[in-house]
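**Student:** Protein chains in written order, with this note's numbering: chain A, 426 to 1052; chain B, 7 to 217.
Every residue, glycine too, gets a C-beta built ideally from N, C-alpha and C.
If you're wondering where the values come from, they're calculated on a predicted model, not measured in any experiment.
I am attaching a structure below and will ask some questions about it afterwards.
Following this line, the structure appears as structure tokens:
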């Protein structure tokens, strides 16, 4: 491909996405549908702007799914995954088995041989991880009962692809060599294909074990080393290197890269660089998934559809109905409430991206003829495209009926570690704040960008993450959308203000408590209407001042009260001066301003402090009246 | 009917999160119009009481309620601090100290021991009335009319959920009646406790105690 050609293609895809996704979003259709529509429009049957490289683009874009599973893994600590083993194996296993059986039975009834029937059943039992998770996430439904159940089923399906790949060639119609297959999502075990079974098993176990060991023990120092360079792009490069490296290894040993990166994600889930990894991979994942959805849209073969429109339509409706009914039955069996069960069934009723891969694999393995795979690929693509619409219908027409019956949203089943407080900056200041909170049983998420601090604090069991808190994506990753308080404790005035502006803009619900470096910083914070502003040296200087008074012979309580009264007046004066300050022309040189500040401070002290201290217990007034 | 009274409830409880009685009592009156609930420990966690502000609050109200648990036969420390600082000479007492003249003052307290414990043969020996003498005299010196106290007894042993909410409802009824002047003022001097028999205290029969 020439580079102009590449740029032209990139231009087309980006243009399609930028034009259609915001509109789809605005119309309440969700981004997935936007991408799909964009794909149809630029595809060969409308504008014909993209054509022959479509398959390559799609395979490349499947990498987005791999990244998505890595990110999902990052959110799931091993213990949480273990807790979910029941739904994954039970619900997921039954869904694949029952749906395969049901579809195969229908295929048998229409007269296909059992090998084809079984192959079609297995392939169509799969759902679309990409579309379902993206849609559920966008609608904020991931943490519902149905969201968790969907996730469990999808995870099982992603694992089930591997034995399916092994099984498909055994169903083939005649003996023919299988050509190399280049999908990213699954590898055909070309590399290890010649080895006996036990060696392949060892190889697979070795690869997974390797990921776990490396992720657990080697990645921390590597991340630390990279973070020490303080080059943001190096961290991004490392994160990408990690995901791509795992993909390659998985392809070599014939495992699903999606599964491999998922495992790597889970292993890294309690790593302190987790949020930074999320932040770095997220945009790539988003773009690649978008590209993937576009290519699904562009791949819908309207010729096939035009030739047998009724058959295709029947198949699409039949497929979604059948899958949905199986899911409903299983959900009921697993005691989901009806509203959640409906969501679960509608979410997973489509075919998935693995279907494309498996159909082409089955075709190459001569299990299924093109006359069968071609229409089925269209059916799968259409069912995927319909899913966001079905979900919208569910959201607008079905779910509202349940609200009136007083059914409430189910409690979250996954504690994904979001905390009510985010502490940005874990230096001299932030750590005292954090220690006080933790000592009182409050969970916090701490962000800091100094690797040395992080390592030390982690040894003492603090929950600290590496990252620059002025990056909005990192704040999202740290759970700012769910937190209640944001403690800004970094020692850099500019970054502190910049971050607070960002936080106020993106998370208006967060109450901000800020450390002020000096008075000028405090004024800026006060003008930003920050809930709590505390000058970093003020309270400790007051304490020291009170100690000085004591050494000069003041009684301890007198000195204490004097400090309290001083504090009261000073805070009041600061708030007043912050308002005056706002009107001052900014042209005055900074040194002049500082001098002026000091003068103002001193003037504000000119009231009679000593008298005020003891006024309450003063008996002179009594003596005067002789009472 | 005389115009309604504005009521200032000066509430002192150092650990409200552990309180069973006072938290309910406070909740029972929190939404009442014309009643200012002033939580001293919440306002002044470092005991740095804003004297001028407190005095203004007193001036702005007609009835002052000291609501607190009865710790060591007295109030939690902050209410004593409040009295020491806010009831200044020249404001609350003395020749020019007439700011509180004619106002009414009520103690609303909860005690761990039962009513039987607060008599000569009980382990507390003195009666509630005797033990509240410093509060009564403080009010008297400030020219305020000290009403018989509202007392919730025996918080240690008895008082399950419904009992507590009955007391809370009584408290609400009384505070409402005080606010609306629906009190048989003439009957009060003979009473040891304001809530020993609400029917004697309340004027309007339609303002029934907890029905």
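So what's residue 983 of chain A in DSSP terms, helix, strand or just coil?
**Tutor:** Helix, per DSSP.
**Student:** So what's residue 156 of chain B in DSSP terms, helix, strand or just coil?
**Tutor:** Residue 156 of chain B falls in the strand class under three-state DSSP.
**Student:** Against residue 983 of chain A, what residues of chain B qualify as contacts under a CB-to-CB distance less than 9 angstroms, listed in chain order?
**Tutor:** None at all; the shortest Cβ gap to chain B is about 14 angstroms.
**Student:** Can you say whether residue 78 of chain B is buried or exposed, counting buried as having 16 or more other CB atoms within 10 angstroms of its CB?
**Tutor:** With fewer than 16 other Cβ atoms within 10 Å, it is exposed.
**Student:** Using the Cα positions of residue 634 of chain A and residue 641 of chain A, report the straight-line distance between them to the nearest angstrom.
**Tutor:** Approximately 10 angstroms, taken between the alpha carbons.
**Student:** Roughly how many angstroms separate the alpha carbons of residue 114 of chain B and residue 990 of chain A, rounded to a whole number?
**Tutor:** Approximately 31 angstroms between the Cα atoms of the pair.
**Student:** Check whether the Cβ atoms of residue 744 of chain A and residue 776 of chain A sit closer than 8 angstroms, and answer yes or no.
**Tutor:** Contact: yes.
**Student:** Does residue 512 of chain A pass the burial test, meaning 16 or more other C-beta atoms within 10 Å, or should it be called exposed?
**Tutor:** Buried: at least 16 other Cβ atoms inside 10 Å.
**Student:** Note down, in chain order, every chain B residue with its Cβ under 7 angstroms from the Cβ of residue 989 of chain A.
**Tutor:** In chain order: 52 and 54.
**Student:** Give a yes or no on whether 8 angstroms exceeds the smallest Cβ distance from residue 993 of chain A to chain B.
**Tutor:** By this cut-off, residue 993 of chain A is an interface position.
**Student:** Please classify residue 876 of chain A as buried or exposed, where buried requires at least 16 neighbouring CB atoms within 10 angstroms.
**Tutor:** Burial call: buried.
**Student:** In chain order, what residues of the same chain lie with their CB nearer than 7 angstroms to the CB of residue 1013 of chain A, ignoring the 5 residues before and after it?
**Tutor:** Here the model assigns residue 1013 of chain A a pLDDT of 48, short of 50, so the residue's position is not dependable, and the following value carries that caveat. There are no such residues.
**Student:** Going by the beta-carbon positions, is the gap between residue 27 of chain B and residue 178 of chain B smaller than 8 angstroms?
**Tutor:** Against a cut-off of 8 angstroms, the Cβ pair of residue 178 of chain B and residue 27 of chain B comes out as no contact.
**Student:** Compute the beta-carbon to beta-carbon distance between residue 906 of chain A and residue 720 of chain A, rounded to the nearest angstrom, for a pair I have assumed lies under 8 angstroms.
**Tutor:** The Cβ separation is near 31 angstroms, so there is no contact.
**Student:** Give the single residue among A:673, A:665, A:683 and A:571 whose Cα lies nearest to the Cα of residue 587 of chain A.
**Tutor:** It is A:683 whose Cα lies nearest to the Cα of residue 587 of chain A.
**Student:** Specify, as a first and last residue, the run of the beta strand (DSSP E) that residue 109 of chain B falls within.
**Tutor:** Premise fails: residue 109 of chain B is in no beta strand (DSSP E) and is neither H nor E.
**Student:** Going by the beta-carbon positions, is the gap between residue 1058 of chain A and residue 955 of chain A smaller than 8 angstroms?
**Tutor:** The structure shown does not extend to residue 1058 of chain A, since chain A is modelled only from 426 through 1052, so no value can be given for it.
**Student:** Over what stretch of residues does the beta strand (DSSP E) that includes residue 960 of chain A continue unbroken?
**Tutor:** Its beta strand (DSSP E) spans residues 957-960.
**Student:** In chain order, which continuous runs of the alpha helix (DSSP H) of length 4 or greater are located wholly inside the stretch 44-82 of chain B?
**Tutor:** Complete alpha helix (DSSP H) runs here, min 4: 46-49 and 57-65.
**Student:** Secondary structure at residue 999 of chain A, three-state DSSP: helix, strand or coil?
**Tutor:** In the structure shown, residue 999 of chain A sits in a helix (DSSP, three-state: H, G or I).
**Student:** Can you grab the Cα-Cα spacing for the pair residue 689 of chain A / residue 637 of chain A, in whole Å?
**Tutor:** If you take the alpha carbons of residue 689 of chain A and residue 637 of chain A, they lie about 7 angstroms apart.
**Student:** With a CB to CB cut of under 7 angstroms and the five nearest residues on each side skipped, what residues in its chain are close to residue 171 of chain B?
**Tutor:** These residues qualify, in order along the chain: 30.
**Student:** Ignoring anything shorter than 4 residues or poking outside the stretch 872-915 of chain A, list the alpha helix (DSSP H) runs there in chain order.
**Tutor:** List check, alpha helix (DSSP H) in window: 876-884 and 897-902.
**Student:** Report the CB separation of residue 389 of chain A from residue 844 of chain A in whole angstroms; it is logged as a contact under 8 angstroms.
**Tutor:** The requested residue 389 of chain A is not part of the displayed model; chain A covers only 426 to 1052.
**Student:** Would you call the CB atoms of residue 936 of chain A and residue 975 of chain A closer than 8 angstroms?
**Tutor:** It is not a contact, given that the beta carbons lie outside the stated cut-off.
**Student:** Let me make sure I understand the geometry here. Which of B:105, B:169, B:134 and B:138 has the alpha-carbon closest to that of residue 149 of chain B?
**Tutor:** Ranking B:105, B:169, B:134 and B:138 by Cα distance to residue 149 of chain B puts B:105 first.
**Student:** Residue 504 of chain A: buried (16+ other C-beta within 10 angstroms of its C-beta) or exposed?
**Tutor:** The residue is exposed, with fewer than 16 neighbouring Cβ atoms inside 10 Å.
**Student:** Are residue 940 of chain A and residue 966 of chain A closer than 8 angstroms when you measure CB to CB?
**Tutor:** No, these two residues do not count as a Cβ contact at 8 angstroms.
**Student:** Using beta-carbon positions only, say whether residue 17 of chain B and residue 41 of chain B come within less than 8 angstroms of one another.
**Tutor:** Not a contact, by the Cβ cut-off of 8 angstroms.
**Student:** Mind checking who residue 151 of chain B pairs with in its DSSP beta bridge?
**Tutor:** Note: residue 151 of chain B sits in a beta bridge opposite B:110.
**Student:** So, does the stretch 559-568 of chain A touch the stretch 812-829 of chain A, judging by three or more C-beta pairs under 8 angstroms?
**Tutor:** Enough Cβ pairs lie closer than 8 angstroms, so yes.
**Student:** If you reduce the DSSP assignment to three classes, tell me which class residue 116 of chain B lands in.
**Tutor:** Residue 116 of chain B falls in the strand class under three-state DSSP.
**Student:** Across the stretch 80-100 of chain B and the stretch 55-63 of chain B, are there enough close Cβ pairs to call them in contact, namely three or more that are closer than 8 angstroms?
**Tutor:** Short answer: they touch.
**Student:** Taking the C-alpha atoms as reference points, what is the distance between residue 482 of chain A and residue 469 of chain A?
**Tutor:** Each residue's Cα considered, the two are about 14 angstroms apart.
**Student:** Among the candidates A:625, A:454, A:452 and A:462, whose CA atom is the shortest distance from the CA of residue 440 of chain A?
**Tutor:** Looking at the Cα atoms, A:462 is the closest of the given residues.
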